[in-house]
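To convert, take the position in the sequence shown, counting from 1, and add 8; that gives my numbering.
Yeah, the Cβ is synthetic: ideal placement off N, Cα and C, and Gly gets one too.
As the structure is a computational prediction, the values presented were derived from the model and not from experiment.
The structure under discussion appears below in the form of structure tokens.
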Amino acid sequence: VKEWWYEPIRLWLAPKTTLTVDFLVEMVRSQDRRLQFHEIKSDFVREDSFIKLKIAASLYPMFHFIMVQWKTKEQIWITKEIPCQ
Numbered sequence: 009v010k011e012w013w014y015e016p017i018r019l020w021l022a023p024k025t026t027l028t029v030d031f032l033v034e035m036v037r038s039q040d041r042r043l044q045f046h047e048i049k050s051d052f053v054r055e056d057s058f059i060k061l062k063i064a065a066s067l068y069p070m071f072h073f074i075m076v077q078w079k080t081k082e083q084i085w086i087t088k089e090i091p092c093q
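Following this line, the structure appears as structure tokens:
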């Protein structure tokens, strides 16, 4: 990680609907120079949170959207890139 910022931007998804992603991340050695938005979640992820992230990935394809989730039972972090459909 070269740089990171906590909740730096609010993304507009629709009228009266926004998403403030947890982290904006710039990687040091990324072949793809797009910045990454990282959304951090615990074991339970509400469906509307995941839907908002998918909509944001579609509306803003110039960024990578990554969900990072803590799995308590396994004691590991899981990362999943959200495709910009």
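DSSP places Glu55 inside the alpha helix (DSSP H), whose first and last residues are 55-67.
Secondary structure at Leu43: coil, using DSSP grouped into helix, strand and coil.
Per DSSP, Ile17 is not a residue of any beta strand (DSSP E), being assigned neither H nor E.
With the rule of 3 Cβ pairs closer than 8 angstroms, the segment 35-44 does not count as touching the segment 13-27. Taking Leu43 as reference, the option from Gln93, Glu55, Val9, Thr25 with the minimal CA-CA separation is Val9.
Close CB contacts of Thr80 within its chain, under the 8 angstroms cut and outside five residues either way in sequence, are with Ser50, Asp51 (chain order). When secondary structure is reduced to three states using DSSP, Val9 falls in the coil class, being assigned neither helix nor strand.
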